Amino acid sequence: GESVGLHLPTLSVQEGDNSIINCAYSNSASDYFIWYKQESGKGPQFIIDIRSNMDKRQGQRVTVLLNKTVKHLSLQIAATQPGDSAVYFCAENPRTGNQFYFGTGTSLTVIP
Amino acid sequence: NAGVTQTPKFQVLKTGQSMTLQCAQDMNHNSMYWYRQDPGMGLRLIYYSASEGTTDKGEVPNGYNVSRLNKREFSLRLESAAPSQTSVYFCASRTGENYGYTFGSGTRLTVV
């Protein structure tokens with residue numbers, strides 16, 4: 028099966044600092060990646076995606092970086108706010124696959 | 136626009152009881168998915184339906200059945216609940232491959 032892992036299970040940052048959440052994936056055939064945010068008691072929510080023909084993609088306060096050489100994905104959150112406290116999942120979709128494979132998640136805590 | 140609606144939100148079952156988890160989406164998505172989420176294990180795919188009229192097993196299908204009733208609805212049935220099926224269940228949908236999921240808010244199931 029697929030294997031998507033995260034380097035750190037928990038991350039604490041001061042409000043206003045930048046956050047970086049990392050993810051390693053194992054399937055070199057994966058060509059579509061998404062970061063999801065899950066708040067307590069809610070379903071995962073789409074944050075940002077990136078396809079394998081890109082190295083970087085920016086959204087509002089978030090940036091995703093993709094390094095296909097080492098099969099690594101990262102999510103950068105600028106000026107982290109208390110509302111960013113949640114569990115963040117990376118997910119990969121293989122080129123010929125019908126599903127996403129999810130990592131175990133990183134819990135981000137923002138300290139006011 | 137409701138997105139993906141799951142019912143019920145909470146359920147307690149006794150071992151051996153049966154129940155059906157309901158999921159409906161109003162986004163005209165072709166593909167629908169059932170995942171379970173357990174602590175420290177991320178999201179694992181139970182079953183999916185790539186299009187109306189088709190269903191396929193995911194990573195952890197044992198003890199479950201599904202029905203794609205029509206394009207909008209995808210139900211998950213537990214025929215004889217076991218304590219190992221205590222989990223949070225998420226339904227998701229998407230337009231097709233290479234698109235992200237929209238998740239429901241989840242069903243928290245406890246089997247005693």
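Chains as they are written, first to last, in this note's numbering: chain A, 28 to 139; chain B, 136 to 247. All residues carry an ideal CB built from backbone N, CA and C; glycine is no exception. Since this is a predicted model, take the numbers as computed values, not measurements.
Boundaries of the beta strand (DSSP E) in which residue i is found, first to last residue
{"i": "residue 99/A", "result": "99-104"}
{"i": "residue 121/A", "result": "113-121"}
{"i": "residue 89/A", "result": "89-94"}
{"i": "residue 184/B", "result": "177-184"}
{"i": "residue 230/B", "result": "Element bounds for residue 230/B: n/a, residue is neither H nor E."}
{"i": "residue 83/A", "result": "83-85"}
{"i": "residue 173/B", "result": "166-173"}
{"i": "residue 207/B", "result": "No beta strand (DSSP E) contains residue 207/B, which DSSP labels as neither H nor E."}
{"i": "residue 147/B", "result": "145-148"}
{"i": "residue 159/B", "result": "154-160"}
{"i": "residue 39/A", "result": "37-41"}
{"i": "residue 51/A", "result": "46-52"}
{"i": "residue 142/B", "result": "139-142"}
Proximal chain B residues relative to residue i, where beta-carbon distance stays under 9 Å
{"i": "residue 69/A", "result": "238, 240, 241"}
{"i": "residue 59/A", "result": "232, 233, 234, 235"}
Where residue i falls: helix, strand or coil (DSSP)
{"i": "residue 68/A", "result": "coil"}
{"i": "residue 198/B", "result": "coil"}
{"i": "residue 240/B", "result": "coil"}
{"i": "residue 135/A", "result": "strand"}
{"i": "residue 220/B", "result": "helix"}
Interface partners of residue i on chain A, CB under 8 Å
{"i": "residue 168/B", "result": "126"}
{"i": "residue 193/B", "result": "126"}
Proximity test, residue i beta-carbon vs the ligand FAD heavy atom, cut-off 6 Å
{"i": "residue 238/B", "result": "The ligand FAD is absent from the structure shown, which contains no ligands of any kind."}
Close beta carbons around residue i, own chain, < 7 Å, minus the five adjacent residues each side
{"i": "residue 113/A", "result": "64, 65, 66, 135"}
{"i": "residue 214/B", "result": "153, 200"}
{"i": "residue 41/A", "result": "138"}
{"i": "residue 75/A", "result": "62, 84, 86, 89, 91"}
Amino acids of chain B, ordered along the chain, whose beta-carbon sits closer than 8 Å to that of residue i
{"i": "residue 120/A", "result": "232, 233"}
{"i": "residue 110/A", "result": "Neighbours of residue 110/A on chain B: none; closest Cβ ~18 Å, over 8 Å."}
Chain A contact residues for residue i, given Cβ-Cβ distances below 9 Å
{"i": "residue 224/B", "result": "Per Cβ cutoff of 9 Å: no residues; residue 224/B is ~10 Å from chain A at best."}
Chain-ordered chain A contacts of residue i [CB-CB under 7 Å]
{"i": "residue 183/B", "result": "125, 126"}
{"i": "residue 176/B", "result": "131"}
Cβ neighbours of residue i in the same chain (closer than 6 Å, five flanking residues each side left out)
{"i": "residue 84/A", "result": "77, 91"}
{"i": "residue 99/A", "result": "51"}
Beta-carbon contacts of residue i that lie in its chain and below 8 Å, excluding the five residues immediately before and after
{"i": "residue 238/B", "result": "139, 225, 226, 227"}
{"i": "residue 126/A", "result": "120"}
{"i": "residue 35/A", "result": "Interpretation of residue 35/A is limited by its pLDDT of 49, a score under 50 that renders its predicted location unreliable; the figure taken from the coordinates is listed afterwards. Excluding residues within five positions, the ones whose Cβ falls inside 8 Å are 48, 49, 133."}
{"i": "residue 148/B", "result": "154, 213, 216, 244, 245, 246, 247"}
{"i": "residue 211/B", "result": "155, 156, 158, 169, 181, 182, 199, 200, 201, 224, 226"}
Any contact between the stretch 170-184 of chain B and the stretch 151-162 of chain B? By contact I mean 3 or more CB pairs, one from each, below 8 Å.
Output reads no: the stretch 151-162 of chain B does not touch the stretch 170-184 of chain B.
Across the stretch 114-123 of chain A and the stretch 40-56 of chain A, are there enough close Cβ pairs to call them in contact, namely three or more that are closer than 8 Å?
yes
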